[in-house]
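To start, the structure itself, in structure tokens.
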Amino acid sequence: MAEIISNYQILDAFEDIAKDKNLPQDVIIETLRQALMTAARKKFGTSENIEVDIDAELGTIRIVAKKTVVMKVSDPSLEIAKKEAKKINPNVKVGDVVEVEINPADFGRNAIMAAKQNLIQRIRETEREMVFADFRHKIGEIISGTVQRMERGNIIVNLGKTEGFIPRSEQVPNEHLPIGKTIRAYVKDVRRETSGPPVVLSRKAAEFVKCLFEFEVPEVYEGRVQIVSVSREAGERTKIAVYSTDDRIDPVGACVGLKGTRVQSVVKELSNEKIDIIPYSPDPEVFIQKALAPAEVVGTFLYPDEHKILVIVPDDQLSLAIGKGGVNARLAARLVGWRLTIYGEEQYKNTAMPLENADFLTKEQIDALLQYDIDTIQKLARMKFELLRSIEQIGDEAAKILKNARELANKIEEESAFVTKDRKLEDSLNTDKEVNEKNILRRLQQESAES
7 MAEIISNYQI LDAFEDIAKD KNLPQDVIIE TLRQALMTAA RKKFGTSENI
57 EVDIDAELGT IRIVAKKTVV MKVSDPSLEI AKKEAKKINP NVKVGDVVEV
107 EINPADFGRN AIMAAKQNLI QRIRETEREM VFADFRHKIG EIISGTVQRM
157 ERGNIIVNLG KTEGFIPRSE QVPNEHLPIG KTIRAYVKDV RRETSGPPVV
207 LSRKAAEFVK CLFEFEVPEV YEGRVQIVSV SREAGERTKI AVYSTDDRID
257 PVGACVGLKG TRVQSVVKEL SNEKIDIIPY SPDPEVFIQK ALAPAEVVGT
307 FLYPDEHKIL VIVPDDQLSL AIGKGGVNAR LAARLVGWRL TIYGEEQYKN
357 TAMPLENADF LTKEQIDALL QYDIDTIQKL ARMKFELLRS IEQIGDEAAK
407 ILKNARELAN KIEEESAFVT KDRKLEDSLN TDKEVNEKNI LRRLQQESAE
457 S
């Protein structure tokens, strides 16, 4: 039987690399074994007949090659001459398999170094897989860490077992996070890449605010108060819409907390970002009135086909409703999920266009519309297609008339009102439209197949 070999060079490398690594012993041993198998394969051209046994308690490594006994050797890596085999086992016969001790020195210095590098690489890969397995379940959650350094515009955060990073695109504008500061962040993704911190963090995401409220408000965590939607412009303002599944709980009050303690904890984490907590309503007209707070709303008109709400506010509150740079209006539109047009009262009255100004309507059609109290282009644009088509003087021209009226009304709005133009909202509405169209098509195909 081959003598057990203590390979001090490799064991030293093993101990140095394994030191301070929070990895299971069986993972380290298997990684080292694979590294030595690779070194053997590079030296002898194959590792099929190589066995590596590692005894962690004794600190020893045993490396042997199983070779077939032959009279004349044609492949030294797989065969051994009978004369040499008898030195291992005097009773050996041709065709037997013997274990030939491999001296670590046979690997050569370069092979030993290659094994060490292989070991380092494998341990790094194993660590990354362990980090991925541990942190992938945390995607969509909040995690705490310490700001460690800045690196090419990224904020590197020490998470204990590994590092995370907040890319520039996920940082809050003008927020200063000093080195050594303990922060919370939203886990956006966990990567398997071989370089750079694997955990992608965000302090800019709207979901971050939602998670903070789940952490600070027990009723939200338990599901008795639900956060229906969140819209955010990081560093400026956030609006959240809340709803209670328990009639005994005021959802806004629960999120604000006694003397504002709960919401202030969130505000502090967000570096004093303003937060509006809005009671949710399934009625979009009621919802938008709440969402535009602190501004008062005196009138709303719904355009369901365009997924748009026209809002009228007191003249002295128009700038309040719109907000600095349009932020209040944009956030309200995103929160409710409808396009938004805002008028001051006088402004709205002054922009009302009589039907007589429309060159696409005949006098008979105008007279018929007046009987339905439709006396302006704006009112005509809000009509439902079915009702418009049911008017005798309109009939089959309904689609064309409605299209012209809406185009003209939109042009007036563009020139005289504040109209939200928000890519995030448009992307969301377009996605919903695509999903609805696919569902309709799927249902039609299913009905066709059944018939």
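Numbered according to the working numbering, the sequence shown terminates at residue 457, and the numbering increases by one at each position without gaps.
Ideal placement from N, C-alpha and C gives every residue a C-beta, glycine not left out.
Self-check item: Separation of Lys-330 from Glu-279, as counted between CA atoms
Solution: The sequence position of residue 279 within the sequence shown is 273, counting from 1. The sequence position of residue 330 within the sequence shown is 324, counting from 1. So the two alpha carbons sit approximately 14 Å from each other.
Exercise. Under the assumption that Val-104 contacts Ala-91 (Cβ atoms under 8 Å), give the Cβ distance between them as a whole number of angstroms.
Key: Residue mapping note: residue 104 aligns to position 98 of the sequence shown, counting from 1. Residue mapping note: residue 91 aligns to position 85 of the sequence shown, counting from 1. So it is a contact: roughly 5 Å between Cβ atoms.
Quiz item: Excluding the five sequence neighbours on either side, which residues of its own chain have a C-beta within less than 8 Å of the C-beta of Glu-302, listed in chain order?
Solution: One-based indexing of the sequence shown puts residue 302 at position 296. Closer than 8 Å at the Cβ level, and outside the excluded window around Glu-302, lie Val-319, Pro-320 and Gln-323.
Quiz item: Does the distance from the CB of Leu-431 to the CB of Leu-408 come in under 8 Å?
Solution: Position 425 of the sequence shown, counting from 1, holds the residue named residue 431. Position 402 of the sequence shown, counting from 1, holds the residue named residue 408. Not a contact, by the Cβ cut-off of 8 Å.
Quiz prompt | Segment limits, beta strand (DSSP E) that includes Asn-164 | solution = Stepping through the sequence shown from its first residue, residue 164 is reached at position 158. Segment 160-164, the beta strand (DSSP E) holding Asn-164.
Quiz item: Roughly how many whole angstroms lie between the Cα atoms of Ile-446 and Lys-210?
Solution: Residue 446 sits at position 440 when you count from the first residue of the sequence shown. Residue 210 sits at position 204 when you count from the first residue of the sequence shown. The predicted model places Ile-446 with a pLDDT of 44, which falls under 50 and marks its position as unreliable; any figure quoted below should be read in that light. So the two alpha carbons sit approximately 35 Å from each other.
Quiz item: Does the separation of the CB atoms of Gly-151 and Ala-212 fall below 8 Å?
Solution: For the purposes of this step, residue 151 is taken as the residue at position 145 of the sequence shown. For the purposes of this step, residue 212 is taken as the residue at position 206 of the sequence shown. Not a contact, by the Cβ cut-off of 8 Å.
Quiz prompt | Run of the beta strand (DSSP E) containing Val-248, from where it starts to where it stops | solution = As a working mapping, residue 248 is identified with position 242 in the sequence shown. Taken as a continuous stretch (DSSP letters only), the beta strand (DSSP E) holding Val-248 covers 243-250.
Practice problem: Find the nearest neighbour of Ser-287 within the set Leu-326, Ile-255 and Val-234, judged by alpha-carbon distance. | Solution: Within the sequence shown, residue 287 is the residue found at index 281, counting from 1. With distances taken between Cα atoms, Ser-287 lies closest to Val-234.
Exercise. Keeping to the same chain, check which residues put their C-beta closer than 6 Å to that of Gln-295; ignore five residues upstream and five downstream.
Key: Working through the sequence shown from its first residue, we reach residue 295 at position 289. Once the five neighbours on either side are set aside, the close Cβ partners of Gln-295 are Val-303.
Self-check item: Neighbourhood of Asn-164 by C-beta, 6 Å cutoff - its chain only, sequence neighbours within 5 removed
Solution: For the purposes of this step, residue 164 is taken as residue 158 along the sequence shown, with counting starting at 1. Taken in chain order, the residues that qualify are Gly-151, Thr-152 and Gln-154.
Exercise. Quick one: give me the first and last residue of the alpha helix (DSSP H) that Gly-259 is part of.
Key: In the sequence shown, residue 259 corresponds to position 253, counting from 1. Per DSSP, Gly-259 belongs to the alpha helix (DSSP H) from 257-262.
Quiz item: Run through DSSP, which three-state label would Gly-146 get?
Solution: Stepping through the sequence shown from its first residue, residue 146 is reached at position 140. Here Gly-146 sits in coil by DSSP.
Self-check item: Residue span of the alpha helix (DSSP H) that contains Ala-42, given as start and end
Solution: Position 36 of the sequence shown holds residue 42. Before going further, note that residue 42 is Leu rather than Ala in the sequence given. Note, Leu-42: alpha helix (DSSP H), 31-50.
Quiz item: Is the number of C-beta pairs between the region 233-247 and the region 325-344 that are closer than 8 Å three or more?
Solution: Contact between the region 233-247 and the region 325-344 is present: three or more C-beta pairs spanning the two stretches fall below 8 Å.
Quiz item: Should the region 215-228 be called in touch with the region 197-205, which here means at least 3 C-beta pairs below 8 Å?
Solution: no
Self-check item: Close-in-space but distant-in-sequence residues of the same chain around Ala-411 (CB under 6 Å, 5 per side omitted)
Solution: Counted from its first residue, the sequence shown places residue 411 at position 405. The residues are Ile-383, Leu-386 and Ala-387.
Quiz item: For the 8 Å Cβ check, are there 3 or more pairs between the region 262-270 and the region 297-317?
Solution: no
Quiz prompt | Proximity below 8 Å, CB of Phe-391 to CB of Ala-405 | solution = Counted from its first residue, the sequence shown places residue 391 at position 385. Counted from its first residue, the sequence shown places residue 405 at position 399. Against a cut-off of 8 Å, the Cβ pair of Ala-405 and Phe-391 comes out as a contact.
Quiz item: How about Val-236 and Lys-216: do their beta carbons lie closer than 8 Å?
Solution: What you label residue 236 is simply residue 230 of the sequence shown in a count that begins at 1. What you label residue 216 is simply residue 210 of the sequence shown in a count that begins at 1. A contact, by the Cβ cut-off of 8 Å.
Quiz item: So, are the CB atoms of Val-425 and Thr-368 less than 8 Å apart?
Solution: One-based indexing of the sequence shown puts residue 425 at position 419. One-based indexing of the sequence shown puts residue 368 at position 362. Not closer than 8 Å, so no.
Practice problem: Could you name the residues of the same chain whose beta carbon sits closer than 6 Å to that of Ser-277, not counting the 5 residues immediately before and after it, in chain order? | Solution: Taking the sequence shown and counting its residues from 1, one reaches residue 277 at position 271. Same-chain partners within the cutoff: Glu-181.
Quiz item: Can you tell me whether Ala-139 is buried or exposed, with buried defined as 16 or more other CB within 10 angstroms of its CB?
Solution: Start at 1 with the first residue of the sequence shown, and residue 139 comes out as number 133. Answer is exposed; the Cβ neighbour count stays below 16.
Self-check item: Per-residue burial, Lys-73 [other beta carbons within 10 Å of its own, 16 or more giving buried]
Solution: Here residue 73 refers to the residue found at position 67 of the sequence shown. That one is buried.
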